[in-house]
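J.: Have a look at this one before I ask anything.
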Amino acid sequence: MRVATWNVNSVKQRMPRLLDWLDERQPDVVCLQETKLADDAFTALLGEELTARGYEIGLYGAPQWNGVALLSKVGLEDVVIGVEGAPGFPDPEPRAIAATCGGIRVHSLYVPNGRVPDSDHYHYKLAWLAALTEVVAHGPADQIVCGDMNIAPTDADVFDPAAYVGQTHVTPPERQALAELMAAKDLHDVVRDRWPDHRIFSYWDYRAGMFHQDLGMRIDLMLATVPVAERVKAAWIDRKARKGTGPSDHAPVIIDLDTAPDGDIGPVVPPPSAPRTPRKKTTKLPQSR
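full-length UniProt numbering puts the first residue of the sequence shown at 1, with every later residue one more than the last.
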């Protein structure tokens, strides 16, 4: 079974690329984030195309912002939207959907960004993650918790730790919240577990040529409980989907369970043509310039 997660940054903008990618990679389960469409608009836009490809569809969306989806060829049972006990900002936002697919409880998540450390949105992010931790802790033995987590787990998951000083995504409270989520059900970061010493990113800012210079972050994660992690035969970032015209700023993360149709091809496919060497001078983030 192939499971993928992808922040598409507007499914309407990404529709032709998304359909082509589905045809090329043939995932059995797909978790989407930042769909930015109400459920009826999503269905009108993509329902027939996805059904023709054999997918059942679970949606939790809204116009313009946020939005998550689950697509499955292996069943879509006990669909739950939202996170029980999670706060809103101020109202509940469409950031989580879960269902049982092929016997695995799959969570598609778009974790709040946090915006600025110690802001109201930052504290909302931490409270939202705490509620998610409770849900996952009381979930079944076989779970995949994935999506745009908006947290880089370690300094190895950003191109230059010094560039992120004073920014969200890397602060100790955020990383602690992620660590507590993983500890709640012994979740394993299967991409990093498989490629412990490799440079792996899933997000590159659109600005300042960050993608072409491979100045990115790994914030799109695939976390799995032990029974699922033990089935992983390949785990990789589909960098090809970030290339070309009109891409999302995120690349899909893919894991193969039990069999690997393309072999153990990771960690990043294709790899950057000219990997960056360490810099003496810290690169400033585009938003800091």
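The C-beta atom is built at its ideal place from N, Cα and C for all residues, glycine as well.
Compare the Cα-Cα distances from Pro94 to each of Pro27, Pro16, Lys36, Ile200 and report the closest residue.
T.: Closest by alpha carbon: Lys36.
J.: So, at 6 Å on beta carbons, what are the nonlocal neighbours of Ala241 in its own chain, with the 5 sequence-adjacent residues on each side left out?
T.: Only Trp21, Ala251, Pro252 meet the Cβ criterion.
J.: Using C-beta distances below 8 Å, list every residue in its chain close to Leu285, excluding the 5 sequence neighbours before and after it, in chain order.
T.: Result list for Leu285: Ala163, Tyr164, Gln167, Asp205, in chain order.
J.: Work out the CA separation of Thr225 and Gln143 for me, nearest whole Å.
T.: Whole-angstrom Cα-Cα distance: 6 Å.
J.: Check Leu257 in the structure and name its three-state DSSP category.
T.: Residue state, collapsed to three classes: strand.
J.: Roughly how many whole angstroms lie between the Cα atoms of Gln33 and Leu70?
T.: Between Gln33 and Leu70, the C-alpha separation is close to 9 Å.
J.: Report yes if the CB atom of Lys243 is closer than 8 Å to the CB atom of Ala260, and no otherwise.
T.: Cβ atoms of Lys243 and Ala260: not closer than 8 Å.
J.: Given this structure, state the Cα-to-Cα distance separating Asp148 from Leu50, to the nearest angstrom.
T.: Rounded to whole angstroms, Asp148 to Leu50 spans 22 Å at the Cα level.
J.: State the beta-bridge partners of Ala224 as determined by DSSP.
T.: In DSSP, Ala224 forms a bridge with Ile144, His188.
J.: Report the option in Leu178, Asp28, Val3, Thr43 whose CA atom is closest to the CA atom of Met15.
T.: Measuring from the Cα of Met15, the nearest candidate turns out to be Thr43.
J.: My guess is that Asp39 and Leu59 are in contact by the Cβ rule of under 8 Å, so how many angstroms apart are they, rounded?
T.: The pair is a contact, with the Cβ atoms about 4 Å apart (cut-off 8 Å).
J.: By DSSP's criteria, Met217 is part of a beta bridge. Which residues make up the other side?
T.: Paired residues: Val158, Tyr203.
J.: I'd like to know whether the C-beta atoms of Ala99 and Glu134 end up nearer to each other than 8 Å.
T.: No, Cβ-Cβ distance for Ala99 and Glu134 is not below 8 Å.
J.: Taking C-beta to C-beta, are Tyr203 and Asp220 nearer than 8 Å?
T.: Yes, they are a contact pair.
J.: Please work out which residues of its chain come closer than 6 Å, Cβ to Cβ, to Pro112, disregarding the five sequence neighbours upstream and downstream, and give them in chain order.
T.: If we look at Pro112 and ignore the five residues flanking it on each side, its Cβ neighbours are Tyr124, Lys125, Trp128.
J.: Got a sec: does the ligand SAH put a non-hydrogen atom nearer than 7 Å to the Cβ of Gly103?
T.: This structure simply doesn't include the ligand SAH, nor any ligand for that matter.
J.: Less than 8 Å between the C-beta atoms of Met1 and Val74, yes or no?
T.: Contact flag set, yes.
J.: Decide if Thr171 is buried, meaning its Cβ has at least 16 other Cβ atoms within 10 Å, or exposed.
T.: It counts as buried.
J.: Can you tell me whether residue 335 is helix, strand or coil according to DSSP?
T.: An answer regarding residue 335 cannot be provided, because it is not within the stretch 1 to 289 covered by the chain.
J.: Using the Cβ count rule (16 or more neighbours within 10 Å means buried), how would you classify Ser273?
T.: Ser273 is exposed by the Cβ-count criterion.
J.: Counting C-beta neighbours from all protein chains within 10 Å, is the total for Ala86 16 or more, i.e. buried, or is it exposed?
T.: It is buried - the Cβ of Ala86 has at least 16 other Cβ atoms within 10 Å.
J.: Starting from Val106 and walking both ways along the alpha helix (DSSP H), at which residues does that stretch end?
T.: Val106 -> not in any alpha helix (DSSP H); beta strand (DSSP E) instead, spanning 104-110.
J.: Can you check which of these residues, Arg25, Gln213, Gly54, is closest to Ser72 by C-alpha distance?
T.: Among Arg25, Gln213, Gly54, the Cα nearest to that of Ser72 belongs to Gly54.
J.: Report the option in Asp193, Arg239, Trp195 whose CA atom is closest to the CA atom of His212.
T.: Looking at the Cα atoms, Arg239 is the closest of the given residues.
J.: With a CB to CB cut of under 6 Å and the five nearest residues on each side skipped, what residues in its chain are close to Ile81?
T.: Same-chain partners within the cutoff: Tyr60, Ile97.
J.: Can you tell me which of Leu223, Pro227, Ile200, Arg231 puts its alpha carbon nearest to the alpha carbon of Gly266?
T.: Nearest of Leu223, Pro227, Ile200, Arg231 to Gly266, Cα basis: Ile200.
J.: Which term fits Gly114, buried or exposed, when burial requires 16 or more other beta carbons within 10 angstroms of its beta carbon?
T.: Buried: at least 16 other Cβ atoms inside 10 Å.
J.: Who are the Cβ neighbours of Glu56 in its own chain at under 8 Å, not counting the five residues just before and after it?
T.: Leu71, Ser72, Lys73, Gly75, Leu76, listed in sequence order.
J.: Report, in whole angstroms, the separation of the C-beta atoms of Arg17 and Gly246, which I expect to be a contact under 8 Å.
T.: Indeed they touch by this definition, with Cβ atoms about 7 Å apart.
J.: Only counting the same chain, and skipping five residues up and downstream in sequence, which positions put a Cβ closer than 6 Å to that of Pro146?
T.: The identity of residue 146 in the sequence shown is Cys, whereas the question assumes Pro. Excluding residues within five positions, the ones whose Cβ falls inside 6 Å are Thr5, Cys31, Met222.
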